[in-house]
Each structure stands twice: as C-alpha cells, then as structure tokens.
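K.L.:
In the numbering used here, the protein residues as written are 1243 to 1504. After the structure tokens below, expect a handful of questions from me.
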C-alpha cells in the first residue's frame, strides 16, 4: 500500500480585518495584527494557533497608545541618520517592561489569541550598533524582557521575528523564530532579487545551530515576492522547505493573503 504523503504545515501573516475568517481555514498558524483582525472565534474552534502582533522595538505612530508612550518618555531621541520610521522605544526603562507585561500582553490574550509575535527586535539591535555608547544595554534589556514574558506567561506561544543577535540568549524562552527576508532581498528595489547563496546559507546555519541547542524551536520564514510570479514563489517555498523551515510568501504590506501556487 502506498504511504499517504503528509501535508506540510502552513502559516500566514495578515495585518488588517478586511477578509473573512474563512479565508484562513487551510492555515495551521496565523499571525494577525493585535487591533485590526478578522473575528477569532471560528478559527479558535478550528484549533488554529493564533498569534497577535506586538512591536517591542518601535512605538507605532498609528496606534491608539502612541501618545501615552510618548508622554511617559519611553521614546529614544535618535537622530534622523540613526533611524527612520517609527520611534525606537527605550526598553531599558522599567516602565516599558511593566506596560508590556501588565497591559499589552493581557489585552492580546483577552481577545482570544494563543500568544504573541514579537516584531522590531532588529530596530533595537540596529540603534545600539549605530551608537554603542549612548545606547548601551538596549539589546540586553530586550532579551531580558522576552525572558520576563516567558516567566510571567509560561503557557503562551511566543514567536520572535529575526533578532538573530539575541537568539542564543532567548531561544529557550520562545517557541518559534520567524526568519523574515533571508532568501528574497526585496529591499534592493528589484522585486525579484535573491540574496547570494552564501548569504542565505549563513542564515540557515545560524537557525539550525539554534535548533540544535533548543530542540523544540521551530523556524518559520517569510519572504516577499511579486504575486504574479507563481514559479518564483514556488521556488522560494521549495528552498525553505528543503531546509526544514515552514515558509510563507507574500507582499511587504501583508494586507492580502497570497495563496501558495499549486
């Protein structure tokens, strides 16, 4: 008798509320924005793993709590040349840790999410690297906050997007690492650019070394590619699955769901 082929795990990230919950029925793990997302009840009944987006490195100007974070003096006064975008948060201040642990995460979990997807760790790492003296301790504070989250919430699911520099410190405290943009180099301005093979291999080696140390750690990937290029998307899925990773390919705004080509 021919052995039945197993169906690979599938995941998706989607950061608005326009699509109905039924769009996500074929996915096992779903990352939604914590404030703007489809109803969760149907997906929870289908036993999906639902993660709410949480930025630990940047204060997002469009959020309802941005003014309060600014008034509490939790923003770094980085120069225009050091950072462009949402202001970076000074995670060294205990007020930020308390706000994350006592307000932000409880709000996410109260909605029915199973856990969190931590984003913008690279913003913290980038700022400290640009001025190691002025911003000393930012990276360590981020690692310690992730450990505090695990201690306070031992049963939730935690995914960390990139933050590879702190991965050895926190790999035992998270369930999943999201390796964003390690295969397709969309920031070049060429929407169909790939990283050199040796660059991709360095990421693969780093991630697999982490999995060797933290046996339960799962690696998810997300790459950005033109949706009309089905063959290019297929190649990305194949390359990432060949490494044992769980891939998704979409567009950078994550405002739509791009199905995997068959």
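Backbone N, C-alpha and C fix where the C-beta goes; we use that ideal spot for every residue, glycine too.
Alpha carbon to alpha carbon, what distance is there between residue 1316 and residue 1332?
P.N.:
Residue 1332 and residue 1316: Cα-Cα distance of roughly 5 Å.
K.L.:
Can you tell me the Cβ-Cβ gap for residue 1276 and residue 1350, rounded? I've got them flagged as a contact below 8 Å.
P.N.:
That belief holds up - the Cβ atoms of residue 1276 and residue 1350 are roughly 5 Å apart, short of 8 Å.
K.L.:
Under a three-way DSSP split, which group does residue 1475 fall into?
P.N.:
Note: residue 1475 maps to helix in three-state DSSP.
K.L.:
Can you tell which of 1434, 1360, 1402, 1260 has the C-alpha that lies nearest to the C-alpha of residue 1466?
P.N.:
With distances taken between Cα atoms, residue 1466 lies closest to 1434.
K.L.:
For residue 1355, which of helix, strand or coil comes out of DSSP?
P.N.:
Three-state DSSP puts residue 1355 in coil, outside helix and strand.
K.L.:
Hey, which unbroken runs of the beta strand (DSSP E) at 3 residues or more fall wholly within the segment 1428-1480?
P.N.:
You should have 1460-1466.
K.L.:
Return the CA-CA distance between residue 1472 and residue 1376, expressed in angstroms with no decimal places.
P.N.:
About 46 Å.
K.L.:
Could you name each continuous beta strand (DSSP E) segment of 3 residues or more that falls completely within the segment 1256-1327, going from the start of the chain to the end?
P.N.:
Taking only runs of at least 3 residues, the beta strand (DSSP E) segments lying wholly in the segment 1256-1327 are 1271-1274, 1291-1297.
K.L.:
Go to residue 1492, then tell me how far its beta strand (DSSP E) extends in each direction, as first and last residue.
P.N.:
1488-1492 is the extent of the beta strand (DSSP E) around residue 1492.
K.L.:
Tell me which residue opens and which closes the beta strand (DSSP E) that residue 1398 is part of.
P.N.:
Premise fails: residue 1398 is in no beta strand (DSSP E) and is neither H nor E.
K.L.:
Got a sec? Which residues, its chain only, sit under 8 Å from residue 1269 by beta carbon, not counting five neighbours each side?
P.N.:
Correct list, in chain order: 1252, 1253, 1254, 1290.
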